[in-house]
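Participant: Each protein sequence line maps, in turn, to chains A and B.
FYI, the numbering for the first sequence is 17 to 192, going by my numbering.
FYI, the numbering for the second sequence is -18 to 404, going by my numbering.
One structure is given below, represented as structure tokens, and several questions about it will come after.
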Amino acid sequence: MSDKYGIIASFPDTPSLFHAAEKVRDAGYKKWDTYSSFPVHGMPEAQGQPRSKVPIFTFIGGITGFSFGLVMVWYMNAFDYPLIVRGQPFFSPVFPFPIMYEMTILLSAFGTLGGMFITNFLPQHYSPLFNSETFLEVSGDRLVIAIESIDGQYDPVATRQFLEEIGGKDIEEVSA
Amino acid sequence: MNANISNSKSTKVGTIALVIGVIGTAISLFGFKQGWNVSEVRPILSWLIAIGFWLSILVGMLFLIQIWWVFHARWPTIIRRQCEHCIAAFPYLLILFLPLLAIPLFHDNPGLLWKWMDGYNELPGHGTVAEDPLYVWKSPFLNIPFFIARAVAIFAVFIGISTILRKWSFDTDVSGNANNTHWSRRLSSLGIFLCAIGATFASIDWFKSLEYHWFSTMYGVWFFAACIRAALASIIILCVILATKGYLKGILKQSHRYDISCMMLAFTVFWAYISFSQYFLIYSANIPEETFWYNMREKNFDGELNSWWWVSMGLIFGHFLIPFLLLLWYKTKVVIWRTVGVSIWILLFHILDLYWNILPGKLIVPDHGEGYLVRQFTITPYDFTAFIGIGGFCIFAMCRSMKKTEPIPIRDPNILESLNYSE
């Protein structure tokens, strides 16, 4: 099966794509995805996807930024080169707060962006799906479900039959 | 049929709330009168704090309604109606506010609560109010006739805008007239400015002028942030109650609660941002006319930490850090009991925030030169009766309004989108 990437099926409209996705999910497939040129509300739930992991990256970025700002100001103003400014203490959590706060925002933004790239496997310049002329129409008005051959339940005959049963049209195998 | 059950429930809850309101305010007004007789300001301050608490919720809701109109927000249409019921309580608050206005008019010492109102009031180390250059300079603004005129204007704005918005929104249920929506949007785009000015002057006049020496350009924004937070927390509690026991069953969805909680997270950060900015600017400028306000809330004249220091720490951690961290979690925003728990937490700390802003004051000590005592953090029985009593009237007004119209704006142009809203 290694020469085939997977099997794709097209669906005529968004509701049928949505309900087909629910059936694929309930059939127990894991390595599959839906493709459309616009976002479909509720599709993550219909595909049975867990919640995004990006917030964890954001949070870690924020904590890192906050600590980095804190340590940086302490190191510069209180340790490396103590400087008297306006009679204030060398270090206090009050006056460097804008620094800590800005570093928190900056690194949580970086964390979010990086986390989004990591969890989406980006950058990804090539996918074997591009071998299919049919699939390229997804950037127009085609709605596609693709089940990959690395899925444990994948079987060239049974999966094709299953996709036909749930209303798939223009079913074709895509070479790797 | 459903409306009838809701109506009888509203009547029942409203009657109970009215009874509790009457009893609570009666006890508090008794305390108010005792304080009036012996020139003791603490029971009067409880009344002011309780008015401030319920006013902040209503003002926040009025802001939110107008913000939703102006941005043509479609998802909160069903929630907007519940807020419209709540803001029916503004006229009751005006009546409950009148005892405070009676002090400058009828008390022997007009400056019993707001001490600048009596020129003979003594200040620690400064002589009297009338001799105080800062008061003389501020007197074109801080004088009794103008103060009363402002109070009237502030309530006129709140009552006027809330009445008109309610009228138009309720009329849409009957007539289906789309012009009501257009006019509400137009009124709101002006009303946001009027309410912003009203809320700013309300906080300056009623809370900030308790220490009239102090300057802060952040104060009005602080009150705005506090209002919206309190309003969002109350909206969640109210809507969850209505969705479990009342007419919002099956209508209020997870996505509505999630979005209100997201706004609650945003305004938690905004409140902290504003409160910290106020502190930060005064800390950096480090001039005595401003720093004394924070000094009072940290230590006594002799340098000993006082009770307000603990309250301040409680606000930093309890009113910002803990709700902030909790609200970051998705689960907190969708699991009902967690959302309600955080909302109650925020409301309790909002009360503490009002205590912290209103209660501390310089108490004069005879023969102590420039020294002064700080009125410490205390909770008195009159605080409870005032909160519950005034709250009773607000809930009565809400229940009374609920009987007048449909539970949700059934003919609003955006109602379907609100009913089918998903994250």
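Just so it is clear, CB atoms sit at the ideal spot from N, CA and C, and this is done for glycine as well.
These numbers were taken from a predicted model, which means no experiment stands behind them.
Taking beta-carbon pairs under 8 Å, can you tell me which members of the stretch 110 to 129 of chain A lie near chain B?
Facilitator: Residues passing the 8 Å Cβ filter: Val110, Phe111, Phe113, Pro114.
Participant: So, B/Val316 versus B/Phe358, is the Cβ gap smaller than 7 Å?
Facilitator: No. Outside cutoff.
Participant: Of all the residues that make up the stretch 199 to 233 of chain B, which are near chain A by a beta-carbon distance shorter than 8 Å?
Facilitator: Taking 8 Å as the Cβ-Cβ cut-off against chain A, none of the residues of the stretch 199 to 233 of chain B qualify.
Participant: Given a threshold of 16 other Cβ atoms within 10 Å of its Cβ, counted over all protein chains shown, does A/Met17 qualify as buried or as exposed?
Facilitator: Note that A/Met17 scores a pLDDT of 46, beneath 50, so its modelled location is shaky and nothing firm can be said.
Participant: For B/Ala(-2) versus B/Ile371, is the C-beta spacing smaller than 7 Å?
Facilitator: No, the pair does not count as a contact, with Cβ atoms beyond the cut-off.
Participant: Kindly indicate if chain B contains any beta-carbon less than 7 Å away from that of A/Met17.
Facilitator: Reliability of the predicted coordinates at A/Met17 is poor, the pLDDT of 46 falling under 50, and no value is obtained from them.
Participant: For a quick check, are the C-beta atoms of B/His194 and B/Leu115 less than 7 Å apart?
Facilitator: Yes.
Participant: So, is the C-beta of B/Tyr264 closer than 7 Å to a C-beta in chain C?
Facilitator: The structure shown contains no chain C; its protein chains are A and B.
Participant: Name the chain A residues that come within less than 8 Å of B/Leu309, Cβ to Cβ?
Facilitator: Within chain A, the residues near B/Leu309 are Pro71, Phe75.
Participant: Helix, strand or coil for A/Ser52, going by three-state DSSP, please let me know.
Facilitator: Three-state DSSP puts A/Ser52 in coil, outside helix and strand.
Participant: Tell me whether B/Asp113 sits in a helix, a strand or coil according to DSSP, three-state version.
Facilitator: Coil.
Participant: So what does DSSP say about A/Val110, is it helix, strand or coil?
Facilitator: A/Val110 falls in the coil class under three-state DSSP.
Participant: Just to confirm the assignment, what range does the alpha helix (DSSP H) spanning B/Leu309 have?
Facilitator: B/Leu309 -> alpha helix (DSSP H) spans 303 to 309.
Participant: Count the other C-beta atoms from every protein chain shown that fall within 10 angstroms of the C-beta of B/Lys343, then say buried if there are 16 or more, exposed otherwise.
Facilitator: Buried: at least 16 other Cβ atoms inside 10 Å.
Participant: Give me, in chain order, the residues of the same chain whose beta-carbon lies closer than 7 Å to that of A/Trp48; leave out the 5 immediate sequence neighbours on both sides.
Facilitator: Closer than 7 Å at the Cβ level, and outside the excluded window around A/Trp48, lie Val40, Ile161, Ala162, Ile163, Glu164, Asp167.
Participant: I think B/Ile8 touches B/Thr366, with their Cβ atoms under 8 Å apart; what is that distance to the nearest whole Å?
Facilitator: About 4 Å separates the two Cβ atoms, so the contact holds.
Participant: What is the residue span of the alpha helix (DSSP H) that B/Ser399 lies within?
Facilitator: 396 to 400 is the extent of the alpha helix (DSSP H) around B/Ser399.
Participant: Would you say A/His35 reaches chain B, if we count a Cβ-Cβ gap shorter than 7 Å as a contact?
Facilitator: Chain B, which has no Cβ nearer than 7 Å to the Cβ of A/His35, makes this no.
Participant: Taking 7 Å as the CB-CB limit, is B/Ser403 close to chain A?
Facilitator: It does; some Cβ of chain A falls within 7 Å.
Participant: Please name the residue or residues paired with B/Val355 in a DSSP beta bridge.
Facilitator: Beta-bridge pairing links B/Val355 to B/Lys343.
Participant: I need the boundaries of the beta strand (DSSP E) containing A/Phe27, first residue and last residue.
Facilitator: That run of the beta strand (DSSP E) goes 20 to 27.
Participant: Restricting to Cα atoms, I'd like to know which of B/Glu398, B/Arg392, B/Ala378 is closest to B/Thr(-4).
Facilitator: Selected option, being the one with the closest Cα: B/Ala378.
Participant: In whole angstroms, what separates the C-alpha of A/Tyr170 from that of A/Gly78?
Facilitator: Roughly 41 Å separates the two Cα atoms.
Participant: When you compare each of A/Asp19, A/Ala25, A/Lys20 to A/Val154 by their alpha carbons, which one comes out closest?
Facilitator: Cα-wise, what sits closest to A/Val154 is A/Ala25.
Participant: In the DSSP assignment, what residue or residues form a beta bridge with B/Leu104?
Facilitator: Bridge partners of B/Leu104: B/Gly108.
Participant: Among B/Ser37, B/Ser(-13), B/Lys14, B/Ala54, whose alpha-carbon lies nearest the alpha-carbon of B/Ser399?
Facilitator: Answer by Cα proximity: B/Ala54.
Participant: Could you confirm whether any beta carbon from chain B is found closer than 7 Å to the beta carbon of A/His57?
Facilitator: For A/His57, the answer is yes, since a Cβ of chain B falls inside 7 Å of its Cβ.
Participant: Taking buried to mean at least 16 other C-beta atoms within 10 Å of its own C-beta, is B/Lys96 buried or exposed?
Facilitator: Answer is buried; the Cβ neighbour count reaches 16.
Participant: Rounded to a whole number of angstroms, what is the C-alpha to C-alpha distance between A/Gly58 and B/Pro390?
Facilitator: About 26 Å.
Participant: For B/Asn395, collect the residues of the same chain with a Cβ closer than 6 Å to its Cβ; drop the 5 residues on either side in sequence, then sort them by chain order.
Facilitator: These residues qualify, in order along the chain: Arg55, Thr58.
Participant: How long is the line joining the alpha carbons of B/Thr361 and B/Pro80, rounded to whole angstroms?
Facilitator: The straight-line gap from Cα to Cα measures roughly 19 Å.
Participant: Roughly how many whole angstroms lie between the Cα atoms of A/Leu179 and B/His300?
Facilitator: Rounded to whole angstroms, A/Leu179 to B/His300 spans 54 Å at the Cα level.
Participant: Which residues does DSSP list as the beta-bridge partners of A/Leu159?
Facilitator: BP columns for A/Leu159 point to A/Phe27.
Participant: Using the C-alpha atoms, what's the distance from B/Phe182 back to B/Pro126?
Facilitator: Those two C-alpha atoms are separated by around 15 Å.
Participant: For A/Ile72 and A/Gly64, I'd like the C-alpha separation in whole angstroms.
Facilitator: The alpha-carbon atoms of A/Ile72 and A/Gly64 are separated by roughly 20 Å.
Participant: Of the choices B/Asp152, B/Ile222, B/Trp274, B/Arg147, whose alpha-carbon is the least far from that of B/Tyr200?
Facilitator: Closest option to B/Tyr200, Cα to Cα, is B/Trp274.
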